[in-house]
Amino acid sequence: MALTIISGRSGSGKTTYIQNEITNSLNEHSIGDPIFIIIPDQMSFSTEFQLTNTSGVGGMIRAQATTFKRLAWRVLSEVGGISREEINGFGYRMLIRSVLLENAEQLSLFKKSAGKRGFTEEVESILKEFSRYSLDYAKLTDLKVTLENNPDAPATLKKKMHDLQIIMNGIESKLGTTYVDSEGYIPLLIQAVEESNLMKQSHIYIDGFNSFTTREFELVTQLIRIAKDVTIVLPFDSEMDATEVQSLFHQPALLAQKLKDFAFQYGVEVKGTVHLAEQRRYQSNDLKYIEKSLGQYPVEQMTEQSDGGLQIIGATTRKAEIHGIAREIRRFIQEGNRYRDIAILYRQADAYDPLITTIFKEYEIPVFVSQKKPMLHHPLIELSRSVLEVIDRDWLYEPVFRAIKTDLFFPTGANTGVWRERADRLENFVIANGIYKERWFDDHRWLYKKYRGLEFYSKNQTDDERAMQAEIEAVRSVVIEPMRVLMTALKEAQTGIEYATALFEFMETLNVYDKLDSMKTLEIEKGRLLEASEHEQAWNGFVDVLDQFVAMFGNQEMTIREVMKILDEGFDTLEFSRIPPSVDQVTVATADLARLSNMKAVFVIGVNDGAFPTRIEFEGMIADSEREWFSKMGHEIAPTSKERLLEEDLIIYSAFTAASDKLCVSYALSDEEGKSLLPSLFIKKLQDLTGVEEQIIYMTPDEALTSVDDWSYISHPRTAIAYLMNQIRQSEHDQQPLSAEWQQLQKYYENDLTWRTTFKRLMKSVTNHNKTEDLEQNITDALYGKTITSSVSRVEKYFKCPFAHFATYGLKLNEREEYRLDPPTIGDLFHAALKWISDKTTEEDLKWGQLSIEECKKLANDAVQVVVPLLYHQILLSSARYQYILRKLTMIVERTMISMRHHARNSGFTPLAIEAAFGPNEAIPPLTIDLPNKKKMQIRGRIDRIDSTKFDDQAYLRIVDYKSSAQKLDMNDIYHGLSLQMLTYLDVAVENADHWMDVPTEAGGVLYVHMHNPMLKEEKILSDSESESEILKKFKMSGLVLDSPDVILEMDESLEDIGGRSEIVPVYVKKDGTVSKGMSSVINQEELGDLRTFVRKKHREAGEGIMDGKTTISPFKLKQKTACDYCPQKSVCQFDTTDLNQSYRNLSVNKSDEVIDKIKKEAAHNDSN
């Protein structure tokens, strides 16, 4: 029995010293007493690698690298005690969740938190801490009693101890003597060490630790008493460090003192401390001085000139930071070094891991990120969680399609791409038709019919619709058939083993193992070895979770909700174990856990305030002030936040002193959201020590305000080409030539056979400035034919943005149809209901003005009841919410009918046609526009209502359009082609007046009716009749009427005697019978004729542009309104106003009379030509 302490600062050769000692021993006696090197988990691979690659060693039988847990397995297998079944990490979390579910009502402080996601992780953390610091149930009970008897103890801590005692008791009673958790091996090992002959004959080396937990300390002291000799490596400079709390090496020096005290107490020979004072690692004066001076105060700058061993980088963003680091690594490799000589240390893994993985791939830098990756989103784990949620939540959309998109429902060996497309169509159908709950099994809900509006309603399917339904049904059947079997099995299940069996048999039914094996093979063929290993690990993890679940809850009666919660905890804990696929690669590790050796270059990234040193914002389940109570009562647990901050200096010191040749320290100036970040105080300290200035790295060279070394950005063809594109774009904008460096690079890409094609394609994207090319004539003819049958809204779409028109009508891109009640569908309901009412009144020879209010309401209700079953997959009958909306919409139809009754009673205009369709194959012919090259455009549409009046052998027609939102006729919109509907309809009606009228007919106006159920805001209480009168005023029509007193009186007969403001149309009549132009929306017949002619001209202009293949990305802007507002094509065109080469097409704004004057002048100009 002997104890030796090996001490020394970083780089003094402590690990090399024990490796040499072991090597010498192996060379002298290849077979002899066993040698164990106990190291932390994160050092196991590198230590084993170094041990097996040590030159001159003839054999490895005696020596082995191990961890405390692996040592426990070895000893327990020798002396017995290994018969206990292990409950691993995910099993332990499931156990905690089970205990919380069972004891929720008994808990005090944690009752509300017990069911929340993430709480089990906190419980697991504190229980593991208790175990590591030897605080078992008995000690916790004593502690709880002591606290309860102390009136000064915090009430919150007492409640926590009460709850934790219940939880710990529940867990220990379930574990019993049958199971052991991952923390339970060390206590078993402590008990077994004295009986182990293996340990009594062993030479033990312990390396890589700065401190021990209570349990680890107990075990190490046992080994000191039992083993032949124990050698422990600890980083400290002097034994005096143990007494100086602020010393960099206080913790390891104090630990050394405690170990020696123990050895003296038990009569163990203390061979002393072998202190290594000489620096052996550093090849750079910068690094030598940093190691020597980092922990010293005050700071003294080194007198020698920096030799380049230290580099400090500030980057504009984290992305720019990683690009800069990648370029530095490439440069380091070009100097003859290996990737395995390089390590990257960091703190914020979540922020940096995705960047490192993605960006390093671009630079072809092999990298191993040691951070464990959760299995939660692997297809198998996602399927396992989702199918249970599907059944528990009654086939809600989200879990159903999470399960389908794992690809594991698809037939074995099937073309995954084809089945994914089918699944996408199924998803579109489900979203559009509101499929959920029992509707998945209702065959009547699965008739595929494209909804095109009530106007085109038909029960018959087209051939395309039947083909689509067959594809949808194919995916539906492969999903619901195995799910039916699973649903039945889970419904019959009562115990844990029955639930687990049902889930496993479901996976066997889907042939999941073979499918995962196929996925693994594909990944291997692509050379993605890490990804290939994940599929097998996922299957093993899934099986392990079920095994642990059955082991603990096999005979326990449970509900599916309890099973879900417990299995979720298990699946949530699963992680992929990652073994480096090759030796020559960059190592990435967190600064806290990293144990590096033989690294020439270390890049410490993300050295920002709050990361170095870390900002400890969450103290854990036990607050710092409460931890002090544990200490007062003689129970040491993990350090407080303050104590952990004292350890930060040692962690940072270890990171900064791990390299032999080069240390690069970097930080970011902003995060991904653009928020400012501050550099760590250690950046300033390194500068003060060495005098090294920081280098600012930009995402691209042109971001720099001062000149930068352009060559630093040219390190790899794949990344340099992106920088070149930015330089070319910037030089074009500035109208300046490229610098010599970038010109040389451009020539390289132009001449290189590998990159030439890619460069030409990228150059095209740089120089076209998001500009489209007009379609060739043959393509236009193929898309549109010789005759375009167009709606007015299509023409308006063209004037809003030609590209939006092309995307919608040429490429036929549409938004995904969703099962929701949108404004067009509401409009569809209103129009169909009013059409039915019109047909009904005509059939029964009823006059609208003669209807009673009750008759109006009955007609409205009857109409809605007829229309609703045909409206968009019966959406208004699908739920209580939609039925409530239906009642509201019915009230709007009622109120509109009552207003129309009021209008009819006070007007000489009567409805002539309702929902009057015009176009090819309709009673009213289309508006035909002749185009060049013998082409033409036929305008079709459906006019909501055409009213007429007749007097003095002259008829007048007006167009009435129903809108679910308030509308006004804006002359600027008409002039720019943005609002042509009403005047087009008026033109069609007047042109085809002989279809209805037998006398000369002229245009009388265009009017909007706002369909709504207005609310009154009055300060005084109104009678019923007053309220009704005020409501009717809210239905005053807007628009444009003919400036003719006779026609106006026909529209509102109440103006004949008293004049004033009309409550029906937008007109104010003076006492003398004339119309006030300033207070009315009127237009004379000549101007109305000019407008009709102008509108035809706009249709012709649009038709010519469409037929010429115009696809320009040219969205309009008029006042605050733009074509991009609510445009579904924005992600396609990628219109970007921040690009100086792209801008809106700004439209002029004029007063209405000025617009009419412009139209008159244009008409006169056209007539003169």
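1186 is the number that our numbering gives the last residue of the sequence shown; the numbers go up by one with no jumps.
Positions of the beta carbon are idealized from the N, C-alpha and C atoms, including for glycine.
Could you check which residue in M581, I669, I1075 and E871 has the C-alpha nearest to that of M111?
M581
DSSP on S1040, reduced to helix/strand/coil?
coil
Through-space distance from A568 to Q313, alpha-carbon basis:
56 angstroms
Three-state secondary structure assigned by DSSP to M524:
helix
Within a Cβ cutoff of 6 angstroms, which residues of the same chain sit near M908, ignoring the five residues on either side of it in sequence?
N1030
With a CB to CB cut of under 8 angstroms and the five nearest residues on each side skipped, what residues in its chain are close to I892?
G451, Y836, R837, L838, T842 and Y899
E1188 versus L1135: straight-line alpha-carbon distance, rounded
In this structure the chain extends from 18 to 1186, so residue 1188 is not present and cannot be described.
Contact the segment 168 to 180 vs the segment 91 to 106: 3+ CB pairs below 8 angstroms:
no
Could you check whether E345 and R735 sit closer than 9 angstroms to each other, using their CB atoms as the reference points?
no
Please name the residue in Q67, E574 and W646 whose C-alpha comes closest to that of D169.
W646
Contact under 9 angstroms by Cβ, L68 with Q81
yes
Distance, H220 Cα to I203 Cα
19 angstroms
Using DSSP with H/G/I as helix, E/B as strand and the rest coil, what is M18?
coil
Does the Cβ-Cβ distance between E1067 and Y973 come in under 9 angstroms?
yes
Alpha helix (DSSP H) runs contained entirely in the segment 702 to 780, provided each spans 4 or more residues:
734 to 751 and 757 to 768
What separation, rounded to the nearest whole angstrom, lies between the Cα atoms of K852 and T913?
13 angstroms
As a quick exercise: from F816, T707 and Q565, pick the residue whose alpha carbon is nearest that of A517.
Q565
For F968, report the span of its beta strand (DSSP E) as first-last.
K952 to F968
S1097 (DSSP reduced to helix, strand or coil)
coil
Are there 16 or more other CB atoms within 10 angstroms of the CB of Q268, so buried, or fewer, so exposed?
buried
Per DSSP, which one or two residues make a beta bridge with D852?
Per the sequence shown, the amino acid found at residue 852 is Lys instead of Asp. For K852, which the question treats as bridged, DSSP gives no partner whatsoever.
Element boundaries [alpha helix (DSSP H), containing R87]
F85 to V96
Measure how close the beta-carbons of S47 and P252 come, nearest whole angstrom, since I'm counting them as under 8 angstroms.
Not confirmed; about 31 angstroms, so no contact.
Would DSSP call H1027 helix, strand or coil?
strand
So is A877 buried or exposed if we call it buried at 16+ other beta carbons inside 10 Å?
buried
Segments of 4+ residues assigned as alpha helix (DSSP H) that fall wholly inside the segment 630 to 693:
641 to 649 and 658 to 673
What does L1057 pair with, by DSSP beta-bridge criteria?
V1023
Nearest CA to the CA of A555: which residue from M536, G1056, F570 and E542?
M536
Nearest residue (CA-CA) to L995, options A510, K1138 and C1150
K1138
S807 lies in the beta strand (DSSP E); which residues open and close that run?
T804 to S808
Pairs of beta-carbons, one from the segment 1085 to 1092 and one from the segment 742 to 761, closer than 8 angstroms: are there three or more?
no
Taking DSSP as the reference, what is the three-state secondary structure of P391?
strand
Of the choices E490, V495, V404 and L400, whose alpha-carbon is the least far from that of T429?
V495
Between the segment 460 to 471 and the segment 484 to 495, do three or more beta carbon pairs fall short of 8 angstroms?
yes
Give a yes or no on whether the C-beta atoms belonging to G1056 and L1105 are separated by under 9 angstroms.
no
Should I669 go down as buried or exposed, given a rule of 16 or more other Cβ atoms within 10 Å for buried?
buried
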